[in-house]
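5 is the number of the first residue of the sequence shown in the numbering used here; add one for each residue after it.
One structure is given below, encoded as structure tokens.
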Amino acid sequence: DKAKKTISGDKSSVTEAEAGSGVKEALNNGISSAVSFLNKPDAFFKNDLYKVLLPPDAKKMEKTLRDIGMGKMADDAIEAINRGAEDAVGFATPIFVDAIKQMTVTDALKLVTGGKNSITEFFRSKTSAKLKAAFMPVIDSSLKKTNATKYYGDAVTRYNKVPLVKKMNPDLSDYVADRTLFALFDRIAVEEANIRSNPAARTSDLLKKVFGGR
């Protein structure tokens, strides 16, 4: 019965089932576009919006290292962290796709007719915690692969030897996971807005039907 519900009464109207499938297809396209955009050299490191700097509680550490002539340690850590993020997003697709498959879209029609990134925001609100938990092992692996864990750990170890400073914790993964997921969701939102506003971005009959004229 729900699948028979439509936006309007005419024969060309979109059913709730079609809306749900269209929402999931839009998200799948979004993650594909996001991964393609971010999983390459300098996608984080040379992007002012996505570049991962040292964690907020490490700012004092960074300043101290630079003040004592050890700025390269901070620079090496920052570059390696961003290389880790660039590497990690290459493994995001199956994690996101699995979450999309399990997603129950109860407000499908409302999402279709919502704002330019309402689908992305709905998906973010419903899946962020699970996505982060699934993504953490990938982040850990990528940070080790790019030596980010080592470089950051070396910087923290050196900083902790400075007299009278508050000791730092060298754990990075949680912070980098948050920044990487921010970038992924931001790029998904860009693709969603494109599908809504650009007919050429509706690459299937379903997307054309669900998002055409909206």
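Cβ atoms here follow ideal geometry from the backbone N, Cα and C, with glycine treated the same way.
In this text, all values refer to a predicted model and were calculated from it rather than measured experimentally.
Task: Buried versus exposed, by CB contacts within 10 Å (16 or more), Asp14 - done: Here residue 14 is taken as the residue at index 10 of the sequence shown, counted from 1. Low confidence applies here, because Asp14 scores a pLDDT of 41, under 50, leaving its location unreliable; read the following figure in that light. It is exposed - the Cβ of Asp14 has fewer than 16 other Cβ atoms within 10 Å.
- [ ] Taking only runs that begin and end inside the stretch 138 to 172, name each unbroken alpha helix (DSSP H) of 4 or more residues, in chain order.
- [x] Listed in chain order, the complete alpha helix (DSSP H) runs (minimum 4 residues) inside the stretch 138 to 172 are 152 to 164.
Open item on the list: Quick test of your reading: Val116 and Ala47, contact by CB under 8 Å. State the CB separation rounded to the nearest angstrom.
Closed with: Locating residue 116 in the sequence shown gives position 112, where the first residue counts as 1. Locating residue 47 in the sequence shown gives position 43, where the first residue counts as 1. Contact doesn't hold; Cβ gap of about 30 Å is too wide.
- [ ] Could you tell me if Ala96 is buried or exposed, where buried requires 16 or more neighbouring beta carbons within 10 angstroms of its beta carbon?
- [x] Locating residue 96 in the sequence shown gives position 92, counting from the first residue. Buried, since its Cβ has 16 or more Cβ neighbours within 10 Å.
- [ ] Label Gly34 either buried or exposed according to how many other C-beta atoms from any shown protein chain fall within 10 Å of its C-beta, with 16 as the threshold for buried.
- [x] Locating residue 34 in the sequence shown gives position 30, counting from the first residue. Result: buried.
Task: Cβ distance (whole Å) where Leu211 is taken to contact Ile192 below 8 Å - done: Numbered from 1 along the sequence shown, position 207 holds the residue referred to as residue 211. Numbered from 1 along the sequence shown, position 188 holds the residue referred to as residue 192. The Cβ separation is near 15 Å, so there is no contact.
Open item on the list: Starting from Ala103, trace the alpha helix (DSSP H) in both directions and tell me its first and last residue.
Closed with: As a position in the sequence shown, residue 103 is number 99, starting the count at 1. Here the alpha helix (DSSP H) through Ala103 covers 96 to 106.
Task: Backbone secondary structure at Lys130 - three-state DSSP - done: Sequence index remark: in the sequence shown, residue 130 carries index 126 (1-based). Lys130: helix per DSSP, three-state reduction.
TODO: Report the option in Phe189, Ser177, Glu196 whose CA atom is closest to the CA atom of Leu53.
DONE: The residue you call residue 53 lines up with position 49 of the sequence shown. Considering only alpha carbons, the answer is Phe189.
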